[in-house]
């Protein structure tokens with residue numbers, strides 16, 4: 001009995017030691033990345049910034065958060081990939097600092113301010129083994145509403161089409177359905193909760209077609225990004241508007257409540273010109 | 001020895017065949033599952049994976065934050081659940097003069113085991129995050145888990161308390177000790193083994209829990225110290241597995257986490273078996 | 001003299017006070033677990049009733065369309081697809097899992113050589129402890145493509161895949177509890193049966209299994225409870241479209257319905273209240289299944 005208790009004590013002490021060491025070990029690389037000439041404010045920032053929302057914005061927010069944390073070692077920025085609807089809801093009820101939405105705010109979403117930080121194209125993706133390379137917006141609408149059900153009708157193999165879409169609160173789904181005019185009419189075979197999951201599902205199934213964020217889909221093996229009405233989905237065509245299926249990346253803040261110092265600093269960083277390069281590397285189109 | 005009728009021989013043969021088929025199927029399933037996870041997971045475990053956090057700028061994946069979050073959440077859940085669970089078990093075995101109160105507590109503990117974890121997550125989110133205003137983090141997650149593991153702790157502690165011979169109690173009381181004094185010095189020290197088994201089982205349940213933590217502890221993959229993680233979105237290993245598998249499509253990392261979880265489960269099972277064997281030997 | 005006496009009295013009073021305090025403390029601990037159950041039930045009921053009252057009990061339980069965010073039409077809140085899917089899923093998993101589980105338990109408890117039994121038993125216990133997301137991961141990587149190829153489907157994420165995953169998940173529970181019950185059957189029953197001329201197989205199935213039937217019934221109830229409450233594994237393999245259940249169609253269960261929409265339903269909206277109502281329905285459903293199975297199986301056992 002005494003042996004058991006002493007073992008438990010030893011384990012508990014080892015645990016706390018491990019936790020402490022890990023924290024300091026993690027902080028060390030952060031401090032070595034600090035650039036002394038990065039124009040830091042006189043007061044050292046500290047605290048936690050919570051962001052929540054769009055899964056399409058993952059690579060953008062991930063890069064911005066990491067650079068911000070490297071420049072400000074006392075701040076932790078967390079990101080919850082839960083979908084645009086959740087992000088807007090979270091910032092509205094105060095459970096996160098900055099909401100992330102991959103669509104513009106609706107009129108019914110009052111009390112919130114949206115700041116566009118980038119533009120992103122919605123890529124229509126098919127499996128790499130699919131023969132189809134180009135579709136028109138009408139054909140895409142017809143596929144997703146169940147009008148066209150077999151790839152052979154479009155010049156592909158004789159396979160039944162499986163439409164992979166997103167959950168109802170998704171900004172990507174909202175953007176897709178608005179541009180193609182298929183709101184409430186999509187017949188999906190899977191409703192997934194993130195842009196990455198759609199890419200994975202299309203990668204693993206030769207029958208599948210889906211819509212995903214260009215920022216996440218660009219450069220992935222196993223899928224092909226279709227051209228829509230002959231126009232390639234790329235950052236240039238999104239910027240000049242020729243690629244029709246696109247939407248903004250929006251940082252959502254609540255009216256009337258001031259952000260904490262760290263959160264405001266992160267917000268300013270994300271909307272500044274310094275962030276443009278990071279956003280571009282992550283695959284979206286900066287608007288700064 | 002008379003020969004069995006054809007009907008009996010047929011029935012026996014069919015049943016025996018079905019039994020071997022079922023056992024073979026189960027065995028094959030077990031071998032396949034365990035083997036597949038290890039084969040796809042173990043090669044992906046590297047020191048870099050275990051000791052860094054995910055970096056978007058460098059393009060690497062690391063699960064150190066998730067390992068730490070799992071440890072933190074075990075700590076919080078056990079620190080709250082252990083005293084309350086042991087206290088309830090002590091009340092049930094030592095003090096319960098009212099059999100209806102005891103029956104009510106036992107019924108409550110049994111009902112709690114049957115409730116699915118998603119409902120715990122729902123109520124946890126409603127109560128801790130919306131009503132009490134906590135932020136998503138390991139505090140809200142740990143407190144939600146307390147409700148889930150309480151029945152386990154109560155039941156195993158109760159069983160081990162029952163193994164303490166009544167003569168110990170009577171002897172202490174005869175020597176003039178008060179009831180609490182008797183419990184503290186005689187009963188509890190002898191019941192530590194069962195409590196330890198209960199703890200190990202509870203930790204096993206915590207490590208494997210994901211649905212209850214999705215909206216109470218969050219999906220955050222950032223490295224945090226203990227105090228920061230309390231109110232900051234922190235994903236445990238299971239939630240991280242879900243994120244990497246379905247949202248980020250990093251299947252290799254997901255299988256590596258799965259392999260780690262299986263090894264953890266194996267170790268916890270072994271520990272529980274050892275503690276259980278010690279308890280049985282005392283009986 | 002008087003000082004010593006008063007000190008002794010003081011110490012005795014303190015001791016009695018300590019005793020009372022600890023009694024109260026332990027009572028509180030006991031009450032806490034009852035409080036939690038009451039709390040969860042009351043909270044679910046309070047949060048779940050408003051939506052049922054607004055939508056109407058019959059349209060809610062028996063409506064076949066679930067479209068809470070419909071923009072071009074009126075939002076509809078019928079949960080029949082989820083109810084039926086959960087029922088079919090659990091029934092399917094039990095239909096497949098219970099026979100395999102019981103037969104394997106008989107094998108492990110009676111017919112297997114001890115070393116083989118020990119190895120299989122530890123493997124079963126390992127599987128019982130594995131987190132459900134791991135099952136979902138293997139399901140999404142192995143089962144979904146396999147089912148898609150085997151049945152020439154457009155998408156392998158369907159009710160059948162979910163049933164198979166649930167079956168594998170409830171097998172360890174059924175095997176563990178049934179085997180414990182079978183091994184607790186007194187040797188005299190079996191020896192008596194063998195002495196009367198029954199073969200070993202007949203003994204196992206007619207005598208031991210019958211004697212262990214209450215334990216086996218408990219294992220079935222446990223398995224069914226686990227199947228109906230599972231969320232994480234099946235959210236990855238079942239497709240998540242709120243259709244009426246069909247074996248090869250994409251479906252959503254009661255549990256995955258809550259998990260999918262909980263995060264983005266706006267606070268105070270009818271959608272969020274409808275999700276609480278689904279939670280309440282799930283809770284009542286589980287209580288109902290437990291009660292019915294317990295009564296039916298245990299009565300048969302007696």
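Residue numbers (our numbering), protein chains in the order written: chain A, 1 to 288; chain B, 1 to 283; chain C, 1 to 302. We put the CB at the ideal spot given by N, CA and C, even for glycine.
For residue 260 of chain B, is the beta carbon positioned less than 6 Å from some heavy atom of the ligand SAH?
-> For the structure depicted, the ligand SAH is absent and the ligand set is empty, with no information on it obtainable.
Own chain, CB closer than 7 Å to residue 169 of chain B, minus 5 neighbours either side, in chain order = 182, 186 and 187
Considering residue 181 of chain A, what are the terminal residues of the alpha helix (DSSP H) in which it resides?
-> No alpha helix (DSSP H) contains residue 181 of chain A, which DSSP labels as neither H nor E.
Is any beta-carbon of chain C found at less than 7 Å from that of residue 155 of chain B?
-> no
Boundaries (first-last residue) of the alpha helix (DSSP H) holding residue 82 of chain A | First-last for residue 82 of chain A: undefined, no H or E at that position.
Determine the burial state of residue 18 of chain C: buried for a count of at least 16 other Cβ atoms within 10 Å of its Cβ, exposed for fewer.
-> Exposure of residue 18 of chain C is indicated by the presence of fewer than 16 other C-beta atoms within 10 angstroms of its C-beta.
From residue 225 of chain C to residue 84 of chain C, what distance separates their C-alpha atoms?
-> 16 Å
Could you tell me whether any Cβ in chain C is nearer than 7 Å to the Cβ of residue 183 of chain A?
-> Taking Cβ atoms only, chain C reaches closer than 7 Å to residue 183 of chain A, which makes this a yes.
Ignore the nearest five residues each way along the sequence and tell me which others in residue 223 of chain A's own chain have a CB closer than 8 Å to its CB.
-> 125, 126, 127, 128, 199, 202, 203 and 217
Minimum C-alpha distance to residue 196 of chain B - residue among B:41, B:81 and B:17 = Residue B:81 is the option with its Cα nearest to residue 196 of chain B.
Helix, strand or coil at residue 10 of chain C according to DSSP, with G and I counted as helix | Residue 10 of chain C falls in the helix class under three-state DSSP.
Proximity of residue 338 of chain B and residue 232 of chain B at Cβ, strictly below 7 Å | Since the first residue shown for chain B is 1 and the last is 283, residue 338 of chain B is missing from the structure and cannot be characterised.
In this structure, what does DSSP give as the bridge partners for residue 248 of chain A?
-> A:119
For residue 152 of chain B, which three-state DSSP category applies?
-> helix
At which residues does the alpha helix (DSSP H) containing residue 213 of chain A begin and terminate?
-> In the DSSP assignment, residue 213 of chain A falls outside any alpha helix (DSSP H) and lies within the beta strand (DSSP E) extending over 208-213.
If you measure from the beta carbon of residue 38 of chain A to each beta carbon in chain C, is any gap under 7 Å?
-> Unreliable placement is indicated for residue 38 of chain A, whose pLDDT of 41 sits below 50; the coordinate value is still reported in the next sentence. So no, residue 38 of chain A is outside the interface.
So, residue 174 of chain C versus residue 139 of chain C, is the Cβ gap smaller than 7 Å?
-> no
Chain-ordered neighbours of residue 226 of chain B on chain C, where CB pairs are closer than 9 Å = Neighbours of residue 226 of chain B on chain C: none; closest Cβ ~23 Å, over 9 Å.
Going along the segment 255-275 of chain A in order, which residues come within less than 9 Å of chain C, judged by CB to CB distance?
-> Of all residues in the segment 255-275 of chain A, none has a C-beta nearer than 9 Å to a C-beta of chain C.
Could you name the residues that DSSP lists as bridge partners for residue 254 of chain A?
-> A:112, per the DSSP bridge assignment.
Hey, is residue 118 of chain A's beta-carbon within less than 7 Å of any beta-carbon in chain B?
-> no
Got a sec: is the Cβ-Cβ distance from residue 62 of chain A to anything in chain B below 7 Å?
-> Yes - at least one Cβ of chain B is within 7 Å of the one on residue 62 of chain A.
Helix, strand or coil: which one does DSSP assign to residue 290 of chain C?
-> helix
Using beta-carbon positions only, say whether residue 88 of chain A and residue 109 of chain A come within less than 7 Å of one another.
-> yes
Residue 270 of chain B - DSSP class collapsed to helix/strand/coil = Helix.
Residue 33 of chain A in three-state terms, based on DSSP = With a pLDDT of 39 at residue 33 of chain A, under the threshold of 50, the predicted position of this residue should be treated as unreliable, though the coordinate-derived value follows. Residue state, collapsed to three classes: coil.
Identify the contact partners of residue 199 of chain C in chain B, using a Cβ-Cβ distance below 8 Å as the criterion.
-> 4, 8 and 12
Using a cut-off of 8 Å between C-beta atoms, extract the partners of residue 82 of chain A located in chain C.
-> 263 and 264
Using a Cβ cut-off of 7 Å (strictly closer), state whether residue 54 of chain A contacts chain C.
-> no
Classify residue 241 of chain C as helix, strand or coil using the three-state DSSP reduction.
-> coil
Taking 7 Å as the CB-CB cut-off, is residue 269 of chain B touching chain C?
-> yes
Give a yes or no on whether the minimum CB-CB distance between residue 35 of chain A and chain B is below 7 Å.
-> Unreliable positioning characterises residue 35 of chain A in this predicted model, as indicated by a pLDDT of 39, which lies under 50. The coordinate reading is nonetheless provided below. It does not; no Cβ of chain B falls within 7 Å.
Check the DSSP bridge columns for residue 60 of chain B and list the partner residues they point to.
-> Partner residues in the beta bridge of residue 60 of chain B, as assigned by DSSP, are B:55.
Count the other CB atoms within 10 Å of the CB of residue 47 of chain B; is the residue buried (16 or more) or exposed (fewer)?
-> exposed
Check whether residue 215 of chain A and residue 104 of chain A have beta carbons under 7 Å apart | In this structure, residue 215 of chain A keeps its C-beta atom at 7 Å or more from the C-beta atom of residue 104 of chain A.
Using a Cβ-Cβ cut-off of 8 Å (strictly less than) and excluding sequence neighbours within five positions of residue 273 of chain C, which residues of its own chain qualify?
-> 47, 48, 50, 51 and 54
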